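With the numbering used here, you'll find the sequence shown wraps up at 672, consecutive numbering, no jumps.
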Amino acid sequence: MSLRNIYIYVRITIIIVFISSNTLYTQNTEIVNYKINAKLNVREKSIPGYEILTWYNDSSEEVKDLQFHLYLNGFKNNKSTYFKEIGFASLKEDEWGWIDILSFKIFNGDDLTRRIEYIQPDDENREDQTVMRVILPESIKPHQKITIEIEFYSKLPKAIRRVGYSNNFFFVCQWYPKIGVYEEKGKRGAKRSGWNCHQFHASSEFYSDFGTFEVTLTVPSNFIVGATGIKLSEKDNLNGTKTLSFYGEKIHDFAWTADPDFIVFKDKFHYYGLKDVDIIYLCQPGHEFTVSSYIQRAKDVLKYYGLWFGPYPYKKLTIVDPAKGANSGGMEYPNLITAGTSYLLKFWPLNRIPFIDEVVVHEVGHQWWYGMVGNNEFENAWLDEGLNTYSADINVAGVIYPKKIQSIFFNELSISMIDLQKAMYIVDPESDPIQKFCWEFYNGGGRFYYTKAALMLKTIEMHIGQKQMNKVLKAFFEKWRYKHPGPEDFINNLEEITGKNFRWFFNQVLYGTNELDYSISKIICKRIKPARGVFDRGNRNITIYQKDIDSLAKIKMQNKMLFKNTVYVRRLGEVIFPVEIEVKFENGEIIKENWNGKKRWKKFEYIKPYKVEYAIVDPDNKIPLDINITNNSKMLKPVLRGTLKWFFKWMFWIQNILELCHFFS
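This is the structure we're talking about:
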C-alpha cells in the first residue's frame, strides 16, 4: 500500500471515529481533543499519521494563530537548538529523526498548509524547526473551538534522549504535532498573553494542555505494544499487522512502545479506600529478576501518594523495561513510565548497589507531579522534579527503605537519602537559583531543580512538621489537579494552609543563589576568679587583697568552682534561617536555645559549676539545606574518635558517589 493510500485509509477511519465519538464525550471544558491514527513502519523506522485536533479557546481573548511543538525536529540535523546546546551530534547519516507536516487544514474547511512557518521564540536559531506557527484566516473567539486535521510523517531517530529505536525496540514519545499552551497575562505568572510554546532544548522537558486522546496504532502482528491510556480493542488485519485502539482522558500527552521481545507481566494494585489499578510490566528477556521488585515499588507509590496527596484516578499503569542501548530509561509519561536495568545487576558487587529500583519510585511519583499537576517543565522544572524528588526519593524511599544506604564494601557505614541529595547539590551550590528556565542554567540545572528544591521542601517540612506538610501538598494537588500551577501558586498555597509567611524564605532559596551554613565557631570556658581590688559599696569603699583570696581558696576548694562558658554561633552563608542550638555540660545537663540567625554571629553565656562538653547547631538536623554539617558541632576537648567518625563518613560519601558515577557511566 502506498503512503498516499495509507493516509486516505487512516483519514476515513479517524473521521468515522471522530463522528461516532461525539456522543461519547462532551468537550465543555477540556482544552484539547486528539484523534490520531498512525502506523509503525519497522523497516523505515517511521510513523505516517493522521491527526484531528480540536482546540478550545479557554481565554477571554481572540487568538489569531496556532503554535505547535514538533519535538522530533530537534534530531533533524546538527544545527538544531538541541544539538547545538549539547555540543555534538551523535547520530549517523541514516539515524536522524524529524517530523514532516504534509497537510494542515481546518476540518472540512481551508487548507492552511502553505501558511506553515517555523519560529524560534527562545534563541532565534533559524535552523531550529521544533516550533511551528500557522496564521489563521479568522481569529478564534473566546470560548470557541477550532478543529484541525493534520497529515504528518514522523521519522524516528536512532535511540536518543528517550525516543527512537534500538533494533526492534521502539519507544515513541513526542511523535505527533502537539499544540502549545495559550496563556492569558497573569495565568501561571505569565507577563503577557500569548502562546507558551518553547523550542526543544537539551535540558528541558515538556508542557501541554489536558484533554482526551483517542489513538489507533497499526503495528506488525508479532509486536507487543504498551501505551498511555486504556486499550479499547485489538484487531488482526490478516496481512501481518494488527491495529490497536487506545483511549485516555484528563491527560496531556500520549506515548507508546513496541517490541516483539517484551515479556508481559500483569498485576493489580488494591488498597482499601483507593482505586484499583492494573499494573503491566513490559520486561526484557533476562530481566525477570526485576519483576517482583519493580511491581512492588509501583504499588508502594500508588499507596503512599494516594494516601498522602490523592488517589491515582486512572485504570492502568504501564512500566517499560527498555532494550539495551535504547537510551529510554527513567522517564515519565501519562499512565506509562520507563525503568531500566542491566543483567549484570544480578551479580556481586552490583547486586549490592542499593535502590536500583528507586527509579521506579521516582517515575511513578511523576504521575502526580507532572502527570496530574501539570507544571510548565520548560520554565518551572522544580515544581515536578523537586516536588517528586522530595516526595518519592526522600519520603517514600524513607518508608520503603527504613535503613540507610549501606556501602558496598563497608557495612558499618551508612548514608541517608538526604545525605545523597546534599552530596549532589554542594558540588556547585551558588551558580544558579532553583527557579530558572531549564536551558539557562550555567552547567545543567539538575542539582538545583531536583536536589536543592527537594532539600528546600524537606527544610520546610522540618520547620512545620510532616503532617502539616502533607496537608500543604494534598491541598496543592487537589486545587491544581489537571491544571497548570506556577511557583507563586505553590507559595500561596503553603502560606494559606500554614497561616505563616514564607516569602522571606523563598526569596532567598528559590529565587536566590546564596548558601545556608551555620556553625559552632568556638567554645571558651574560663574559671570565674574572685574579685580583687577596690569596690564601691554604698557610701564606702571596700578593698579586697590577695591574701584574703588565698585564705578563702581553701574553703572554696571544698565547693565547686564556677565557670563562665561562652558558645559562639556563626552564620557563614548569606541565607538567614532560624536555628536551634544544643549545649551539653559535663554533668549531663542540656540547654536548648533558639536564634533567629539574622546577625553574623551570636554568643551564648552560661555561669555554671560545670564546663561545657559540646555545642551543636541544628541538633535534630532540621535544616537539610545546610551545606556543611561538619562545622555544626564542636567539643571543648576534641577526641580522636569524633575525627575518625567524620573521616570515615566523608570517605563513604566519596566511595558511594564514585560507585554511582561508575554504574551510570
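Ideal Cβ placement from N, Cα and C applies to all residues, glycine included. The structure displayed is predicted, hence computed values, not measured ones.
Separation of residue j from residue i, as counted between CA atoms
| i | j | result |
| --- | --- | --- |
| histidine 259 | lysine 610 | 55 Å |
| leucine 351 | threonine 396 | 27 Å |
| lysine 297 | isoleucine 38 | Note on identity: in this sequence residue 297 is threonine, with lysine being the wrong assignment. Computed Cα separation, rounded: 39 Å. |
| arginine 607 | asparagine 514 | 19 Å |
| leucine 462 | threonine 520 | 14 Å |
| leucine 651 | leucine 517 | Any reading at leucine 651 must be qualified, since the residue scores a pLDDT of 49, below 50, and its modelled position is unreliable; no value is offered. |
| isoleucine 43 | glutamate 58 | 4 Å |
| lysine 4 | phenylalanine 114 | Residue 4 lies beyond the residue range present for the chain, which begins at 8 and ends at 672; the question has no answer from this structure. |
| isoleucine 634 | isoleucine 441 | 15 Å |
| lysine 198 | lysine 443 | 15 Å |
| phenylalanine 584 | glutamine 473 | 19 Å |
| leucine 314 | glutamate 100 | 50 Å |
| alanine 622 | glutamine 127 | 57 Å |
| glutamate 158 | valine 70 | 23 Å |
| lysine 737 | threonine 225 | Any answer about residue 737 is impossible in this case: the structure gives the chain only from 8 up to 672. |
| proline 292 | aspartate 129 | 43 Å |
| tyrosine 489 | isoleucine 598 | 49 Å |
| lysine 238 | lysine 273 | 14 Å |
| threonine 219 | leucine 60 | 10 Å |
| isoleucine 636 | aspartate 107 | 54 Å |
| tryptophan 105 | histidine 205 | 17 Å |
| leucine 109 | tyrosine 160 | 7 Å |
Close Cβ partners of residue i (< 7 Å) along its chain, the five nearest in sequence each way excluded
| i | result |
| --- | --- |
| serine 228 | Asp243, Gly247, Thr248 and Lys249 |
| isoleucine 471 | Thr505 |
| phenylalanine 90 | Ala96 |
| phenylalanine 176 | Asp266, Pro329, Ala330 and Ala333 |
| leucine 119 | Phe111, Lys112, Ile113 and Val141 |
Residue i - DSSP class collapsed to helix/strand/coil
| i | result |
| --- | --- |
| phenylalanine 484 | helix |
| proline 55 | strand |
| asparagine 601 | strand |
| glycine 233 | strand |
| isoleucine 531 | strand |
| glutamate 190 | strand |
| asparagine 500 | helix |
| glutamate 696 | The structure shown does not extend to residue 696, since the chain spans only 8 to 672, so no value can be given for it. |
| glycine 337 | coil |
| glutamate 370 | helix |
| aspartate 524 | coil |
| asparagine 402 | helix |
| methionine 379 | coil |
| lysine 478 | helix |
| glutamate 241 | strand |
| tyrosine 689 | The first residue shown for the chain is 8 and the last is 672, placing residue 689 beyond what the model contains. |
| tyrosine 456 | helix |
| aspartate 391 | helix |
| tyrosine 449 | coil |
| phenylalanine 509 | coil |
| glycine 116 | coil |
Residues near residue i by beta carbon distance below 6 Å, same chain, minus five either side
| i | result |
| --- | --- |
| arginine 454 | Met431 and Tyr432 |
| arginine 577 | Ser526, Ser528 and Trp608 |
| phenylalanine 448 | Asp439 |
| serine 53 | Lys162 |
| histidine 76 | Lys185 |
Segment limits, beta strand (DSSP E) that includes residue i
| i | result |
| --- | --- |
| asparagine 44 | 39–46 |
| leucine 517 | Segment: none, leucine 517 is in no beta strand (DSSP E) and carries neither H nor E. |
| tyrosine 312 | Taken as a continuous stretch (DSSP letters only), tyrosine 312 belongs to no beta strand (DSSP E), being part of the alpha helix (DSSP H) at 298–315. |
| leucine 224 | 218–227 |
| isoleucine 157 | 152–162 |
| asparagine 203 | 201–203 |
| isoleucine 287 | 284–290 |
| aspartate 107 | 105–113 |
| leucine 73 | 70–76 |
| tyrosine 254 | 248–258 |
| asparagine 572 | 570–578 |
Delimiting residues of the alpha helix (DSSP H) encompassing residue i
| i | result |
| --- | --- |
| threonine 466 | 460–471 |
| aspartate 426 | 424–432 |
| lysine 91 | 88–93 |
Contact set for residue i: own chain, Cβ-Cβ below 8 Å, skip 5 residues either direction
| i | result |
| --- | --- |
| phenylalanine 509 | Ile467, Ile498, Leu501 and Glu502 |
| glutamate 145 | none |
Residue-chain proximity (residue i, chain D), Cβ-Cβ < 7 Å
| i | result |
| --- | --- |
| glycine 540 | In the structure shown, chain D cannot be found, because there is only a single protein chain. |
Under 8 Å: do the region 523–540 and the region 569–582 share three or more Cβ pairs, one atom per stretch? yes
Does the region 295–309 come into contact with the region 362–374, if we say contact requires no fewer than three beta-carbon pairs (one atom in each stretch) closer than 8 Å? yes
Counting Cβ pairs closer than 8 Å, one from the region 338–347 and one from the region 260–277, do we hit at least three? Yes, the region 338–347 touches the region 260–277.
Using 8 Å as the Cβ pair cut-off and three pairs as the minimum, do the region 583–592 and the region 484–499 touch? no
Can at least three beta-carbon pairs, one atom from the region 186–197 and one from the region 275–288, be found at a separation below 8 Å? no
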